[in-house]
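Working notes, beginning with the structure itself.
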Amino acid sequence: MPLQQDEPRPGAPVLRVHRLTKTYASGARTLTVLRDVSFDVAEGETCAIVGPSGSGKTTLLGLCAGLDDPTDGSVELCGIDLGPLSEDARAEVRNRYVGFVFQTFQLIPTLTALENVMVPAELRGETGVLDHARALLEQVGLGDRLDHYPAQLSGGEQQRVALARAFINRPTILFADEPTGNLDDETGTAIERLIFDLNRAAGTTLVIVTHDLDLARRTGRIIRLKGGRVVSDEPTGVPGAVQDEPVEEGPVEEGPVEERSVAS
Ligand code: ADP
Ligand code: MG
Numbered sequence: 003m004p005l006q007q008d009e010p011r012p013g014a015p016v017l018r019v020h021r022l023t024k025t026y027a028s029g030a031r032t033l034t035v036l037r038d039v040s041f042d043v044a045e046g047e048t049c050a051i052v053g054p055s056g057s058g059k060t061t062l063l064g065l066c067a068g069l070d071d072p073t074d075g076s077v078e079l080c081g082i083d084l085g086p087l088s089e090d091a092r093a094e095v096r097n098r099y100v101g102f103v104f105q106t107f108q109l110i111p112t113l114t115a116l117e118n119v120m121v122p123a124e125l126r127g128e129t130g131v132l133d134h135a136r137a138l139l140e141q142v143g144l145g146d147r148l149d150h151y152p153a154q155l156s157g158g159e160q161q162r163v164a165l166a167r168a169f170i171n172r173p174t175i176l177f178a179d180e181p182t183g184n185l186d187d188e189t190g191t192a193i194e195r196l197i198f199d200l201n202r203a204a205g206t207t208l209v210i211v212t213h214d215l216d217l218a219r220r221t222g223r224i225i226r227l228k229g230g231r232v233v234s235d236e237p238t239g240v241p242g243a244v245q246d247e248p249v250e251e252g253p254v255e256e257g258p259v260e261e262r263s264v265a266s
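Going from the sequence shown to the working numbering is simple: count from 1 and add 2.
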């Protein structure tokens, strides 16, 4: 389906988050999960989003990837404002530019490893991706597990399949939500190495949510969330990483902020 608003603006940051706010109604109260969050991520940049549990990291990543709608503010992916797009158009932008890796892998249980990896390419109407899918599975060390179903794979192996799937469409940006959170240390380290290898090989921009500070320090920049606000946004000094202007520090709060609804 052709889109009117889906042409990337040349020179635009890969991700632009502007004054993003997300609230949920909770009885007569409003739960503010994200409040006035702004940052840009440049092409090829690697950055980590860290913060305590409940600080809004998963919500933020979902909004950035167009999986969810903000209450206020905007998200631009490759210069495309997601706000005015229909659900279908957003899915198309996601399919074209975004790879996503979940903490819980989210493979389709009835499909083999190889079939899982090919799904995003097939959604895009691409045929002839068998060799590419096979090569990606080989790259993540699963060349001998192509026909295994998710239930026949370990957690680390499932996450490798999920990584191969995330890269099948050669995404401009990869979002990973605690990709090593459900894995033991050794397996987690192997997955991290793969993420950075794939990032380097394909020049993919990387945004990783993690509570692992060692992982965060391997990226070029750490954005810290607390109570739904950005409390710091700083370069790590990792060479070669693209840097951005640091965002002003906001007040420090624990967890989401509950307020009485104004309209009551
Ligand atoms: P994190 O990933 O940093 O642990 P989340 O983004 O998952 O945090 O959640 C932030 C807060 O938003 C939590 O307090 C959570 O309960 C709340 N929240 C998330 N999703 C919803 C929802 N669909 N409805 C209501 N509250 C939600
Ligand atoms: Mg989370």
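Virtual Cβ for every residue (Gly too), placed ideally from N, Cα, C.
Just so it is clear, the structure is predicted and the values come from calculations on it, not from any experiment.
Using 10 angstroms around the beta-carbon of residue i, count the other beta-carbons present and answer buried if the total reaches 16, otherwise exposed.
i	result
D133	exposed
T60	buried
A137	exposed
P86	exposed
Y99	buried
V240	exposed
T129	exposed
E188	exposed
E94	buried
S28	exposed
E159	buried
S55	exposed
G205	exposed
S88	exposed
L84	buried
T207	buried
R147	buried
E78	buried
L22	buried
Which residues does DSSP list as the beta-bridge partners of residue i?
i	result
I17	Correcting the residue type first, residue 17 is Leu in the shown sequence and not Ile. Beta-bridge pairing links L17 to V43, L79.
R195	DSSP lists no partner for R195.
A50	I210, I224
G101	L176
D74	T23
P237	R223
Tell me whether residue i sits in a helix, a strand or coil according to DSSP, three-state version.
i	result
E180	coil
D146	coil
T23	strand
F169	helix
V232	strand
L69	coil
P86	coil
D133	helix
D186	coil
Hey, is residue i's beta-carbon within less than 8 Å of any beta-carbon in chain C?
i	result
F41	In the displayed structure, chain C is absent; only one protein chain is listed.
Note to self: Measuring CB atoms only, is the segment 108–118 touching the segment 146–164, in the sense that at least three cross pairs come out at less than 8 Å?
What the structure shows: yes
Next item on the list: Inspect the CB distances between the segment 65–72 and the segment 221–236 and report whether three or more fall short of 8 Å.
Entry: no
Check: If we count Cβ pairs, one from each stretch, closer than 8 Å, do we get three or more for the segment 170–184 versus the segment 210–221?
Finding: yes
Note to self: For the structure I just gave you, are there three or more beta carbon pairs, one from the segment 46–62 and one from the segment 217–228, closer than 8 Å?
What the structure shows: yes
Notebook entry, point to check: For the segment 119–133 against the segment 160–170, are there 3 or more C-beta pairs whose distance is under 8 Å?
Noted result: yes
Note to self: Just to be sure I understand the criterion: a residue counts if its Cβ is closer than 5 Å to at least one heavy atom of the ligand ADP. Which residues meet that?
What the structure shows: Y26, V35, S55, G56, S57, G58, K59, T60, T61, P258
Next item on the list: Please determine if the segment 187–196 and the segment 32–43 are in contact, where contact requires at least 3 C-beta pairs separated by less than 8 Å.
Entry: no
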